[in-house]
Every structure is written in C-alpha cells, then in structure tokens.
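Sequence lines, in order, name chains C and E.
Start counting the first sequence at 53; every next residue gets the next number (our numbering).
Start counting the second sequence at 21; every next residue gets the next number (our numbering).
We put the beta carbon where it would ideally sit given N, CA and C, even for glycine.
Fair warning: this is a prediction, and the values are worked out from it, not measured in the lab.
The structure under discussion appears below in the form of structure tokens.
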Amino acid sequence: MVNLPLLLALQETNREIEGGLFDFNATLPLMALQFLALTVILNLLFYKPVSNVLDDRDEYIRNSLTMASTSLIKANELTQKYEQELAESRKQAQDIIKKSQQEAQQIVSIKIKEAQQDAEKLVFEASQQLNIQKEQALKTLEDQVDALSDQIKLKLLNGNLL
Amino acid sequence: MYQQEVEVISSYIAVSAVEVGKHLYWEIGGYKLHGQVFIVSWLVIIALLSLAFIGTRNLERVPKNLQNFMEFVIEFLQDIAKNQIGEHEYRSWVPYIATIFLFILGSNWAGALIPWKLIQLPEGELAAPTNDINTTVALSLLTSLSYFYAGLNKNGLGYFARYVEPTPVLLPINILEDFTKPLSLSFRLFGNILADELVVSVFTLLVPILIPLPVMILGLFASSIQALIFSTLSAAYIGEALEGHGEH
Numbered sequence: 053m054v055n056l057p058l059l060l061a062l063q064e065t066n067r068e069i070e071g072g073l074f075d076f077n078a079t080l081p082l083m084a085l086q087f088l089a090l091t092v093i094l095n096l097l098f099y100k101p102v103s104n105v106l107d108d109r110d111e112y113i114r115n116s117l118t119m120a121s122t123s124l125i126k127a128n129e130l131t132q133k134y135e136q137e138l139a140e141s142r143k144q145a146q147d148i149i150k151k152s153q154q155e156a157q158q159i160v161s162i163k164i165k166e167a168q169q170d171a172e173k174l175v176f177e178a179s180q181q182l183n184i185q186k187e188q189a190l191k192t193l194e195d196q197v198d199a200l201s202d203q204i205k206l207k208l209l210n211g212n213l214l
Numbered sequence: 021m022y023q024q025e026v027e028v029i030s031s032y033i034a035v036s037a038v039e040v041g042k043h044l045y046w047e048i049g050g051y052k053l054h055g056q057v058f059i060v061s062w063l064v065i066i067a068l069l070s071l072a073f074i075g076t077r078n079l080e081r082v083p084k085n086l087q088n089f090m091e092f093v094i095e096f097l098q099d100i101a102k103n104q105i106g107e108h109e110y111r112s113w114v115p116y117i118a119t120i121f122l123f124i125l126g127s128n129w130a131g132a133l134i135p136w137k138l139i140q141l142p143e144g145e146l147a148a149p150t151n152d153i154n155t156t157v158a159l160s161l162l163t164s165l166s167y168f169y170a171g172l173n174k175n176g177l178g179y180f181a182r183y184v185e186p187t188p189v190l191l192p193i194n195i196l197e198d199f200t201k202p203l204s205l206s207f208r209l210f211g212n213i214l215a216d217e218l219v220v221s222v223f224t225l226l227v228p229i230l231i232p233l234p235v236m237i238l239g240l241f242a243s244s245i246q247a248l249i250f251s252t253l254s255a256a257y258i259g260e261a262l263e264g265h266g267e268h
C-alpha cells in the first residue's frame, strides 16, 4: 500500500514513449487551416446575411424616421394653413353678420318710422273725422234744440193765446 | 495481497484516471496529428455550422425566435470588435473575431459539458480542443499574422515605425512584445482549460459529485471568460496595429 504512488508512477513512465503536454506537430497548421475555413464558411453563412439584415433594418428605420419627420412638417404646415383659412373665414363671417345686423337695424328703424307715420296719420284722420262728426252732431243737436224751442215757443204762445 | 489491492485500485484509476499528455495519434503523409483534438473540434465546427445554417434560414425584417438569438450573438461580437478596433475599420475584422470567440467558446464548453470519459479511445481521451497546445498556438499565431497583416495593409512599411515609438530606447521591448503576445494568448487559454479539466478530474477521482459540481460550473464560467478574453485581446492587438502612428 505504501508503494502505491511509486508503482503508479512506474507504470506511467513505462507507458510514456511519446506525447506530453507540449507536443507540437502537424495538428497546429491543420488546426489553423481548419479555423480559417470555419471563418470563411461562417462569414458566408452567418455573419454576412445576419449583418445585412441588421443593416437593412437600420436603413429602413432611418428612412421611416425621415419620412415620418417630413410628413410631420407637412402636417404642421397644413394645420397652419387651415388655421389661417379658418381665422379668415371666421372674420368674414363676423363681417357679414355685422353688416346684416346693421342692415336689419336700418330696415327695422325705417319700418318703425313708417309705422309711426302711418299711425300718426291714422290718428290725425280719426280725430278729424271725430271732430267733423262732433260738429255735425252738435249741429243736429242745435237744429233739434231750435226745433224743440220753436215747438215750445209755439205751444206756449198757443196756450197764452187760448 | 497488496498486489491484488494495487491492481484493483489501479484498474479503478484507469477508468477515471487523469490522463495528461497522452494523445491519439493519427498519421497523414508522415506527419503526426492529435486525433482527439480533431474529433472534438469537428463536432464543435459541425455544431456551429448547423446552428448558423438553421438560424439563418428565413431572415426577416421583423426577427423571430432563433433569428433574434443569432442577431443578439452577432451584435455582441460586433460590439467586441467595434470597441477594440474602432468604428471605421471594425467591419472587415468581425468574421475573424467572431469566429475566434465562437470556436473557443464551443470548444471549451464541449470539453466541459459533454462526458467524454464515457467514450474510450485506444490512447488519450476526448476533451476540449483548446486543452491541446497546438490549437491555442495555432489560434494565437493566426492573431499575430492578422495584426501584422492589418498594420501592413493600412500603413504600409510605415507600420514598423511604431517600434521606435515613443522612443527608440523601447525598440527591444516592442520587438519582444510581438513574441510575448501570441505566447501569452496561447498559454493563457491552454493553461486555463487544462487546469480546469485537471481540477475537475482530480476532484471526481477523490470525491463523488458534490464537490466537483461547483468546480465544473466555475469551469463553465471561466471557459466563457477565456473565449471573451481571447477574442477581445485579438481585437485589441488588431486595433493597436491599425492605429496609425500619425494619428495620435
């Protein structure tokens, strides 16, 4: 049992003819060539297509962004234009409203004046007719009074005479 | 009597033994290869390729489940490259940095997550490809080559002017740096992964599941960090080489 490490070591040394940790041979250049081949194949198969996709996506995003900003500018311009137009038409509408209001007021005042004149005329005519009728009534009254007084006078005179 | 006991114990150890420095040798055209490294690395490569293949089947502008994940991965890797190399030049280096990260992460996790011990090999054992010094040195030498290429490609021979910056006194240190960079890269990765696997296998040899499990989880964490470190440092070296000396 004590001899175990020694025995193992002996076994190892007996078997070790060639090899070792630092055993350089044709593995080295072949591994390098193999690695270069792997690089080329992976480049064709993996790196190029995937980075192309990435680049395409970057470009697409950039284009979309520029397009979006141009459309935004356009939209802003359109909004400004429409707002201006809106303000103008609002002004026009107000002008029209003012004008029509003034016209309406004028018409109303003219009509009121006419109506007043008409009314005055009517009142005047009515009062004139009233006066005439009053005079006529007074006249007939006077006539009747005269007639009555004549009759009374006659009656009185007849009575006295009798 | 002791002999019997020793045999029993050694046979037990042979099943869950710590095998260091033993390789499954293949021979191609007189050159020797480490077979176990290639087997696992092929599995990792197949896994990466199939993930990439399935994940990029129908790419759309509005991403869905798997495409989301793939885009997250690639954005993460692009960020590593972008942070170290800079906005202008990182694009051509994304494939290299990304593959380094994915391959190292896949290798490390393949070594940590799959119970390779269940598969017996005639010699050596299946493990993470990154616990073989050949793999890590290959990757770090590729990093060295790529940052030299990046610097020379951009600044021409003026690239070598940076060796005498800020003063010519630092010339030897600057030259030394070109050797220490791949050395530190490769040994950092190699040492971390090998040490992690050794710790786990020694613990499993000594005690059952309760003690090794936290260590294994720590190993998973450490191996992903190693992948991040390797790719970030590679990107940093490339970025450093690309930095024109006239610019700052």
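| Asked | Found |
| --- | --- |
| Buried or exposed (CB count within 10 angstroms, at least 16 for buried), N154(E) | buried |
| Spatial distance of K85(C) from I59(E) (CA atoms) | For the sequence presented, residue 85(C) should be read as Leu rather than Lys. Answer to the nearest angstrom: the Cα atoms are 15 Å apart. |
| Three CB pairs or more closer than 8 Å across the segment 168 to 181 of chain E and the segment 207 to 219 of chain E | no |
| Cβ separation of E143(E) and K42(E), assumed to be a contact under 8 Å, to the nearest whole Å | 6 Å |
| Under the three-state DSSP convention, the category E47(E) falls into | strand |
| K102(E) versus Q87(E), A118(E), N88(E) and F89(E), residue with shortest Cα-Cα distance | A118(E) |
| DSSP three-state assignment for L230(E), whether helix, strand or coil | coil |
| Coarse secondary structure for L53(E), derived from DSSP in three states | strand |
| Neighbourhood of W136(E) by C-beta, 7 Å cutoff - its chain only, sequence neighbours within 5 removed | E145, L146 and A147 |
| Contact the segment 249 to 265 of chain E vs the segment 99 to 115 of chain E: 3+ CB pairs below 8 Å | yes |
| Straight-line Cα distance separating I66(E) from L126(E) | Per the sequence shown, the amino acid found at residue 126(E) is Gly instead of Leu. If you take the alpha carbons of G126(E) and I66(E), they lie about 10 Å apart. |
| Any beta strand (DSSP E) of 3 or more consecutive residues that is wholly inside the segment 117 to 183 of chain E | none |
| Neighbour list for R81(E) in chain C, Cβ cutoff strictly below 9 Å | V105, D108, R109 and Y112 |
| CB contact below 8 Å: D198(E) versus chain C | no |
| Helix, strand or coil at F74(C) according to DSSP, with G and I counted as helix | coil |
| Beta-carbon proximity of A170(E) to A261(E), cut-off 8 Å | yes |
| Any C-beta of chain E under 8 Å from that of L252(C) | This structure cannot speak to residue 252(C), because chain C is shown only from 53 to 214. |
| Rounded straight-line distance, which links the Cα of G131(E) to that of L162(E) | 22 Å |
| N66(C) burial status per 10 Å Cβ neighbour count (16 or more: buried) | With a pLDDT of 46 at N66(C), under the threshold of 50, the predicted position of this residue should be treated as unreliable, though the coordinate-derived value follows. Counting Cβ neighbours within 10 Å, N66(C) comes out exposed, since fewer than 16 surround it. |
| Rounded Cβ spacing between Y183(E) and L191(E) (contact assumed at less than 8 Å) | 6 Å |
| Residue interval of the alpha helix (DSSP H) (run including L86(E)) | N85 to I105 |
| C-beta contact flag for A72(E) and L106(C) at 8 Å | no |
| Alpha helix (DSSP H) segments (min. 4 residues) lying fully within the segment 118 to 175 of chain C | none |
| Given L88(C) as reference, the closest of G259(E), L159(E) and I105(E) once Cα atoms are compared | L159(E) |
| H268(E) - DSSP class collapsed to helix/strand/coil | In this prediction, H268(E) has a pLDDT of 46, which is less than 50 and means its spatial position is unreliable; what the coordinates show is noted afterwards. Three-state result, H268(E): coil. |
| T150(E) beta carbon less than 8 Å from that of P101(C) | no |
| Cβ neighbour criterion (16 or more within 10 Å) applied to W62(E) | exposed |
| I258(E) versus Y110(E), L230(E), P232(E) and W129(E), residue with shortest Cα-Cα distance | Y110(E) |
| Pairwise C-alpha distance: G72(C) and V40(E) | 7 Å |
| Straight-line gap, V35(E) to P234(E) (C-alpha atoms, nearest Å) | With a pLDDT of only 47 at V35(E), under the threshold of 50, the placement of this residue in the model should not be trusted; the figure read from the coordinates follows. Taking the straight line joining both Cα atoms gives about 22 Å. |
| L253(E) (DSSP reduced to helix, strand or coil) | helix |
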